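**Q** Under full-length UniProt numbering, the first residue of the sequence shown is numbered 4, with each subsequent residue one higher. Once you've had a glance at the structure underneath, I'll fire off some questions.
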Amino acid sequence: SCSTNDSVVELNPKMATHPCYSKQAHQYARIHLPVAPACNIQCNYCNRKFDCSNESRPGVVSKLLAPAQAAERYRKVKARIPETKVVGIAGPGDPLANPASTLATLKAVAKLEDDIHLCVSTNGLNLVDHAKALREVGVEHLTITINCIDADIGAQIYPWIYFDHRRLRGRQGAQTLIDRQLAGLKAAAEQGMLVKINTVLIPGINDHHVAAVASEVKRLGAALHNVMPLIAEAEHGTYFGLMGQRSPTEEELAKAREEAGVSMAQMSHCQQCRADAVGRLGQDCSDIDQDAEPAADL
Ligand code: SF4
Ligand code: SF4
């Protein structure tokens, strides 16, 4: 709610110019740089042809950029949209499954600009290994998608993860992911990053469990929680869509946010922007430099 966000801003001035962390910052713009093609887990709500659902609306393919191209894209967009204050890396796969390109891109952008918020959105599997490096390149805002803290629930959301050169399935994969997500959250909070947690609300699977997620992430140092509705339509081709899983209703979403809100400040203005988003929240200017820039050859 608005008052929740006001109090967050009071607590933390760093959030005041970040449109994803503060409703009052909607005059500022953000750009997502699509430099991370690979992913290390499988979510049943993902369609690999499209952007990562961590932070993005399914249905649009990102044009991949190499780090130098991405920095150049930022430079051009900043020249056209000077209120661009946030550079995020959110896909189309997982940024920390592609740590070299993600870190190189962040470094290149930081070199061009002091007055910028750098942020990264991740499934959290590799976060504990990279939290320090992210902080060192200047990342202040981090989003982790944590849908559950119970491996029986996780096994229904993640058919497999790929960790330590092995594919782990079912409960074992889910438990490994959850343990690593929570350790990563703790490490990131200890590094001084502002950590936002995304939870995809999946009726019948984790809807009774969001309060437990909220209280655990609060304990480990998260600053903000974003309970977002599953987009399950079969035409997006997700496993959930094909299995007949439905999206939550408005009422179910409001109830889940209220329950999670007991322990965590809730963010309710999220636009679920795409991995190559440009401009203010809710504004899609991603074609802004399309003429000027050939497709990446990755
Ligand atoms: Fe897809 Fe993102 Fe899940 Fe990876 S983390 S499977 S890209 S939704
Ligand atoms: Fe950062 Fe997420 Fe906002 Fe993108 S949507 S700018 S990754 S907080």
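Cβ coordinates follow ideal geometry from the N, Cα and C atoms, glycine included. Please read these numbers as outputs of a predicted model, since none were measured by experiment.
Hey, how far is the Cα of Glu75 from the Cα of Val89?
**A** Taking the first residue of the sequence shown as position 1, residue 75 is located at position 72. Taking the first residue of the sequence shown as position 1, residue 89 is located at position 86. The alpha-carbon atoms of Glu75 and Val89 are separated by roughly 15 Å.
**Q** Closest by CA to Leu145, which one among Arg249, Ala107, Asp155 and Val123?
**A** Within the sequence shown, residue 145 is the residue found at index 142, counting from 1. The shortest C-alpha to C-alpha distance from Leu145 to any of Arg249, Ala107, Asp155 and Val123 is the one to Val123.
**Q** Tell me Val122's beta-bridge partners as DSSP assigns them.
**A** Along the sequence shown, one-based indexing puts residue 122 at 119. The sequence given here has Cys at residue 122, not Val. For Cys122, which the question treats as bridged, DSSP gives the partners Gly91 and His144.
**Q** Pro98 and Thr125 look like a contact to me (Cβ under 8 Å); what is the Cβ gap, rounded to whole Å?
**A** Within the sequence shown, the letter at position 95 stands for residue 98. Within the sequence shown, the letter at position 122 stands for residue 125. About 5 Å separates the two Cβ atoms, so the contact holds.
**Q** Measure from the alpha carbon of Ile149 to the alpha carbon of each residue in Arg170, Arg183, Gln175 and His35, then state which is nearest.
**A** Along the sequence shown, one-based indexing puts residue 149 at 146. Of the listed residues, the one whose Cα sits closest to Ile149 is Arg183.
**Q** Using a Cβ-Cβ distance cut-off of 9 Å, determine whether Val112 contacts chain B.
**A** Reference to chain B is not applicable here, since this structure consists of a single protein chain.
**Q** Out of Val203, Gly244 and Phe243, state which residue places its alpha-carbon closest to the alpha-carbon of Ala263.
**A** As a position in the sequence shown, residue 263 is number 260, starting the count at 1. Among Val203, Gly244 and Phe243, the Cα nearest to that of Ala263 belongs to Val203.
**Q** Using the beta-carbon count (16 or more within 10 Å), is Arg83 buried or exposed?
**A** Numbered from its first residue, the sequence shown carries residue 83 at position 80. Looking at its Cβ environment, which holds fewer than 16 other Cβ atoms inside 10 Å, Arg83 is exposed.
**Q** Cα separation between Pro40 and Ala93?
**A** Counted from its first residue, the sequence shown places residue 40 at position 37. Counted from its first residue, the sequence shown places residue 93 at position 90. Pro40 and Ala93: Cα-Cα distance of roughly 10 Å.
**Q** Could you spell out the range, first to last residue, of the alpha helix (DSSP H) harbouring Thr108?
**A** Translated into the one-based positions of the sequence shown, residue 108 becomes position 105. Taken as a continuous stretch (DSSP letters only), the alpha helix (DSSP H) holding Thr108 covers Pro102 to Leu115.
**Q** On the DSSP letters alone, give me the boundaries of the alpha helix (DSSP H) that Leu137 sits inside.
**A** Taking the first residue of the sequence shown as position 1, residue 137 is located at position 134. First-last of the alpha helix (DSSP H) with Leu137: Leu130 to Glu139.
**Q** Near residue 303, what residues of its chain come up, given a Cβ to Cβ distance below 6 Å and the 5 sequence neighbours on each side ignored?
**A** A query on residue 303 cannot be resolved here, the shown segment of the chain reaching from 4 to 301 and no further.
**Q** With a threshold of 6 Å on Cβ separation, who are the neighbours of Asn101 within its own chain once the five nearest residues in sequence on each side are excluded?
**A** Your numbering for residue 101 matches position 98 in the sequence shown. The answer, listed in chain order, is Ala39 and Ala41.
**Q** Can you tell me the Cβ-Cβ gap for Gly157 and Leu180, rounded? I've got them flagged as a contact below 8 Å.
**A** On the sequence shown, position 154 is the one that residue 157 refers to. On the sequence shown, position 177 is the one that residue 180 refers to. Right, the Cβ-Cβ distance comes to about 6 Å (below 8 Å), so this counts as a contact.
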